[in-house]
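Sequential numbering from 70 applies to the sequence shown in our numbering.
The beta carbon of each residue, even a glycine, is placed where N, CA and C say it ideally should be.
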Amino acid sequence: MQIPARVLPRCTVTVPPAIEAKNLFKVFGRNPQAIVNRLRAGETREAVASAGTAAVIDASFTVQPGEIFVIMGLSGSGKSTVIRTLNGLLPPTAGEVRVQGQSVTSASPAELRRIRRASVSMVFQHFALLPHLSVLDNAAYALEIQGVGKSERRARAREILDKVGLGDRVEATPDELSGGMRQRVGLARALTAGTDILLMDEAFSALDPLIRREMQEQLVELQSELGRTIVFITHDLNEAMFLGDRIAVMRDGRIVQTGTPEEILTDPANDYVAQFVQDVDRARVLTAGSVMAPPAAATPLSAGVRGALRVMRDLQVGSVAVLEGRRYLGSVSDRAVVRAVKAGSTDLRSLISTAQPVVSPNDPLTEVVERAVESPIPIAVVDDQRRLLGTIPRVTLLAALGNVDPQTTEIPIIGAPSSVPQAELMSSLVAVGEPAGRPATGRGA
Ligand SMILES: Nc1ncnc2c1ncn2[C@@H]1O[C@H](COP(=O)(O)OP(=O)(O)OP(=O)(O)O)[C@@H](O)[C@H]1O
Ligand SMILES: [Mg+2]
């Protein structure tokens, strides 16, 4: 019977994760399964070492389409072994890998070949370029294996080579290129293959720092342009932080933490991760939004000088943000307000310093620091409609940049302490009509 299309139940199309790894074990040894059983029973990697090498122990993670997922860890922690199980290059001893919903672990050799051809390509640290082929044909090589005709594969390779900045070197042979250029040909080859998923094992580690940085930026750009899913291995934390949407940290075969760069930096799961992140360039990773405090010391413009003074007295801070509706107008300092009151002025708007820096939540701390140096007043974090989202006092900034332990260091989260003696603040309040003995309540807007 033909069912009219309208009557069919509406179904939501759910895209399966790009990659799912479930409880993966990879053990090298004579009786790997027995070793897996011992590990499952709680024995350590060291305890089973005499029987075999537990390269990967109970690793689980999911990579969503379009994500850059970084696997990071010291040498020997099991990163390469994990990534090789993802495209079936290595069968796991236990556990399962799924690529776009299809099991790699139970795939037949023919299915595996299809997955590798159509879905997953891999870039190694030292990928062998074919020395007798031009840059163009090297980049087109994966398509040649896929049986794509010469003119089409060359056209597609040319397009990608343009993107990686080698458009003018297509006729060169690999020996005429620098190491960095060769690495880019390798990347172009993987990109030209057109697979949704790219596995990159230490793909940039042979590059000198400047070219490496350039490649990282190019990869992020290409990724957002082409929307590929990337699993990237590195033992360089700065690289991991720069590239990763999420990062899995491996130690001795286990994944000890998975999280966004910010989560890993600000909330390391254990000492090992903490040690790893100690020397990362925090300013490049952390954003204004991740360190800001809620905007506690704020007052509506309509509350006038009196309102501003009251908030500063109650919260004992040296400055207050002035709002009109939710719009941030700027901040006034206690000094400026007290001075104005002495001079008989009660116009709050005229006291707002116009040169005050504001930042957006996505600004990296590097930028915030530059501005904070010039400003004694906490930096305001505003959205694109200038609504006040939070503030960053200088001390918070320093704590975020240094490895200051917030548990043991007192960090005033509201703002710099008042620089005007309390008595002077009180007499100003009295001068604008505030009863002197009023208890400290309220926190402004
Ligand atoms: N084919 C193999 N046979 C035996 N042991 C192996 C094999 N491949 C890897 N191992 C062992 O498994 C462990 C993890 O190796 P792996 O190559 O995955 O580490 P890695 O994190 O990639 O290290 P690196 O940063 O040095 O590349 C190591 O102890 C290694 O010696
Ligand atoms: Mg490796």
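Relative to the non-hydrogen atoms of ligand 2, the Cβ of Glu-308 never comes closer than 7 Å to any of them. Proximity of the beta carbon of Lys-95 to ligand 2 is not indicated: no heavy atom of the ligand is located closer than 7 Å. Around the beta-carbon of Ser-149, 16 or more other beta-carbon atoms lie within 10 Å, marking it buried. Put simply, the backbone Cα of Lys-91 is about 31 Å away from that of Glu-286. If you look at Asp-270, you'll find it in the beta strand (DSSP E) that goes 266 to 270.
In chain order, Ala-366, Ala-367, Thr-368, Ala-377, Val-380, Met-381, Ser-400, Val-401, Gly-513 place their CB closer than 7 Å to the CB of Val-389, counting only its own chain and leaving out the 5 sequence neighbours on each side. Short note on Ala-124: C-beta closer than 7 Å to some heavy atom of ligand 1.
Residue range 357 to 360 is occupied by the alpha helix (DSSP H) that includes Ala-357. By a beta-carbon distance limit of 8 Å, Gly-164 contacts Phe-94. Their separation comes to about 6 Å. Under the DSSP assignment, Ala-257 falls in the alpha helix (DSSP H) whose first and last residues are 248 to 261. Linking Thr-122 to Gly-157 through their CA atoms gives a straight-line distance of about 19 Å. Taking a cut-off of 7 Å from the heavy atoms of ligand 2, the residues with a C-beta inside it are Lys-148, Ser-149, Asp-270, Glu-271, Ile-302.
Remark: the shortest separation between the CB of Gly-216 and any heavy atom of ligand 1 does not fall under 7 Å. The Cβ atoms of Leu-392 and Val-406 lie no closer than 8 Å to each other.
Of all C-beta pairs linking the stretch 173 to 181 to the stretch 136 to 147, fewer than three are shorter than 8 Å, placing the two stretches out of contact. Each of Ala-259, Arg-395, Arg-153 was checked against the Cα of Asp-452, and the nearest Cα belongs to Arg-395. Here DSSP, grouped into helix, strand and coil, assigns Gln-169 to coil. Remark: the shortest separation between the CB of Ser-146 and any heavy atom of ligand 1 falls under 7 Å.
Non-local beta-carbon contacts of Gly-135 in its own chain, meaning distances under 7 Å to residues more than five positions away in sequence, involve Gly-296, Thr-298 in chain order. The secondary-structure analysis by DSSP pairs Val-450 across a beta bridge with Val-428, Gly-459. Between ligand 1 and His-201, a heavy atom-to-CB distance of less than 7 Å is absent. At the C-beta level, Leu-370 and Leu-398 come within 8 Å of one another. Close CB contacts of Pro-363 within its chain, under the 7 Å cut and outside five residues either way in sequence, are with Gly-459 (chain order). Taking the Cα positions, Val-346 is about 14 Å away from Arg-320.
Residue state for Ala-110 is assigned as coil, using DSSP reduced to three classes. DSSP places Thr-150 in the uninterrupted alpha helix (DSSP H) bounded by 148 to 155. Here the C-alpha atom of Ser-129 lies approximately 35 Å from the C-alpha atom of Asn-207. Excluding residues up to 5 positions away in sequence, Gly-373, Val-374, Val-501 lie with their Cβ nearer than 7 Å to the Cβ of Thr-415 in the same chain.
Per the DSSP secondary-structure output, Leu-198 pairs with nothing in a beta bridge. Taking every protein chain shown into account, the CB of Ser-293 has fewer than 16 other CB atoms within 10 angstroms, so this residue is exposed. In terms of Cβ geometry, Thr-261 and Arg-225 form a close pair [threshold 8 Å].
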